[in-house]
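S.K.: What follows is a single structure, and I will ask about it in a moment.
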Amino acid sequence: MNILNRFYFSLRRWLAHRNGATLQPRVTFYGAAQIIRHPGSVISIGADAVICSDSRFTALALDHPVKLSTTRADAHLSIGADGGMSGACIVCAKRIEIGNQVLLGANVLIVDTDFHPLAPENRRHSDELDKIGTAPVVIGDNVFVGTRAIVLKGVVIGKDSVVAAGAVVTAGTYPDGAILGGNPARIIGSVYQV
């Protein structure tokens, strides 16, 4: 690695830390990720994770840089060790736990909140957080989430599972090794029976 690349890797780690993320050793940033931590919340990234925000370093084109964001105090966004993501957008209002060795394909979206109340009154400018639906998201170890997949609030995905490209995974608990596809996603197979 040349001196300029080392400088940029170090600068991006420093910026992530300055923006409130807790980084374990050897987290690598390709391109500049957007990290926005709400005061009182936690964003942690495990050792050896790769955060890619630059299309030159991945096979697919990225729509945007990686965005990691917490929107409320006490929100906890945890990304495990030795995983990778490209152009992912992860927004956490309550709790999102992503296990070790998880791969997030290009432009994956993961959220644990509805962002706005379902009731039509004052929906656009509501400050009543208790009326905005939230539920934790848990993604087990060694899961692969394909490009442009969406994982919504209240989802638990068991270890070793695969989420097909473009799938929309809604509230529910999915077993270890499940292959999920469709909109809304359903179990279409098992990695253990391939």
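Sequential numbering from 4 applies to the sequence shown in our numbering. Think of the CB as a built atom: it goes at the ideal place given N, C-alpha and C, for glycine as much as any other residue. All of these numbers come straight from a predicted model, not from anything done at the bench.
Determine, using beta carbons only, whether residue 76 and residue 41 come nearer to each other than 8 angstroms.
M.R.: In the sequence shown, counting from the first residue as 1, residue 76 sits at position 73. In the sequence shown, counting from the first residue as 1, residue 41 sits at position 38. Result yes, Cβ atoms of residue 76 and residue 41 sit closer than 8 angstroms.
S.K.: Can you tell me where the beta strand (DSSP E) with residue 79 in it begins and where it stops?
M.R.: As a working note, residue 79 is residue 76 in the sequence shown. Looking at the DSSP string, the run of the beta strand (DSSP E) that includes residue 79 is 79-82.
S.K.: Assuming residue 155 and residue 173 make a contact with CB atoms under 8 angstroms, what is their CB distance in whole Å?
M.R.: By one-based count along the sequence shown, residue 155 stands at place 152. By one-based count along the sequence shown, residue 173 stands at place 170. Yes, residue 155 and residue 173 are in contact; Cβ-Cβ is about 5 angstroms, under 8 angstroms.
S.K.: Would you mind giving the Cβ-Cβ distance between residue 71 and residue 38, rounded to the nearest angstrom? I have them listed as a contact below 8 angstroms.
M.R.: Stepping through the sequence shown from its first residue, residue 71 is reached at position 68. Stepping through the sequence shown from its first residue, residue 38 is reached at position 35. That belief holds up - the Cβ atoms of residue 71 and residue 38 are roughly 5 angstroms apart, short of 8 angstroms.
S.K.: Please report the residue range of the beta strand (DSSP E) in which residue 70 lies.
M.R.: As a first step, residue 70 is located in the sequence shown; it is residue number 67 there, counting from the start. Per DSSP, residue 70 belongs to the beta strand (DSSP E) from 70-73.
S.K.: Which residues in the same chain have their Cβ closer than 8 angstroms to the Cβ of residue 85, if we skip the five residues on either side of it in sequence?
M.R.: Reading the sequence shown from its first residue, position 82 is the one you call residue 85. Here the set comprises 49, 50, 51, 52, 103, 104.
S.K.: Taking buried to mean at least 16 other C-beta atoms within 10 Å of its own C-beta, is residue 83 buried or exposed?
M.R.: For this step, residue 83 is matched to residue 80 along the sequence shown. It is buried - the Cβ of residue 83 has at least 16 other Cβ atoms within 10 Å.
S.K.: Give every residue of the same chain whose Cβ lies closer than 8 angstroms to the Cβ of residue 64, excluding the five residues on either side of it in the sequence, and list them in chain order.
M.R.: For the purposes of this step, residue 64 is taken as the residue at position 61 of the sequence shown. Answer for residue 64: 58, 109, listed in chain order.
S.K.: Determine which residues share a DSSP beta bridge with residue 195 and list them.
M.R.: Residue mapping note: residue 195 aligns to position 192 of the sequence shown, counting from 1. Answer by DSSP bridge pairing: none, since residue 195 is not bridged.
S.K.: Beta-carbon within less than 6 angstroms of residue 191's beta-carbon, same chain only, minus the 5 sequence neighbours each way: which residues are those?
M.R.: Mapped onto the sequence shown, residue 191 falls at position 188. The residues are 182, 184.
S.K.: Quick one: measure Cβ to Cβ for residue 97 and residue 117, integer angstroms, because I've assumed they're closer than 8 angstroms.
M.R.: Indexing the sequence shown from 1 puts residue 97 at position 94. Indexing the sequence shown from 1 puts residue 117 at position 114. Not quite, the Cβ-Cβ distance comes to about 11 angstroms (not below 8 angstroms), so this is no contact.
S.K.: To the nearest angstrom, how far is the alpha carbon of residue 67 from that of residue 195?
M.R.: Within the sequence shown, residue 67 is the residue found at index 64, counting from 1. Within the sequence shown, residue 195 is the residue found at index 192, counting from 1. Roughly 34 angstroms between the two C-alpha positions.
S.K.: Would you call residue 10 buried or exposed, if buried means 16 or more other Cβ atoms sit within 10 Å of its Cβ?
M.R.: Here residue 10 corresponds to residue number 7 of the sequence shown, with the count starting at 1. Counting Cβ neighbours within 10 Å, residue 10 comes out exposed, since fewer than 16 surround it.
S.K.: Taking only runs of the alpha helix (DSSP H) that begin and end inside the stretch 130-176, which ones reach a length of at least 4 residues, in chain order?
M.R.: With a minimum length of 4 residues, no continuous alpha helix (DSSP H) run stays inside the stretch 130-176.
S.K.: Note down the Cα distance separating residue 32 from residue 54, rounded to an integer number of angstroms.
M.R.: Numbered from its first residue, the sequence shown carries residue 32 at position 29. Numbered from its first residue, the sequence shown carries residue 54 at position 51. Answer to the nearest angstrom: the Cα atoms are 5 angstroms apart.
S.K.: Would you grab the beta carbon distance between residue 157 and residue 177 for me? Rounded to a whole angstrom, and I think it's under 8 angstroms.
M.R.: As a position in the sequence shown, residue 157 is number 154, starting the count at 1. As a position in the sequence shown, residue 177 is number 174, starting the count at 1. No, residue 157 and residue 177 are not in contact; Cβ-Cβ is about 12 angstroms, not under 8 angstroms.
S.K.: Just to confirm, is the Cβ distance from residue 202 to residue 168 under 8 angstroms?
M.R.: Residue 202 is absent from the structure shown; the chain starts at 4 and stops at 197.
S.K.: Does the beta-carbon distance from residue 95 to residue 78 come in below 8 angstroms?
M.R.: Taking the first residue of the sequence shown as 1, we reach residue 95 at position 92. Taking the first residue of the sequence shown as 1, we reach residue 78 at position 75. In this structure, residue 78 lies closer than 8 angstroms to residue 95 by Cβ.
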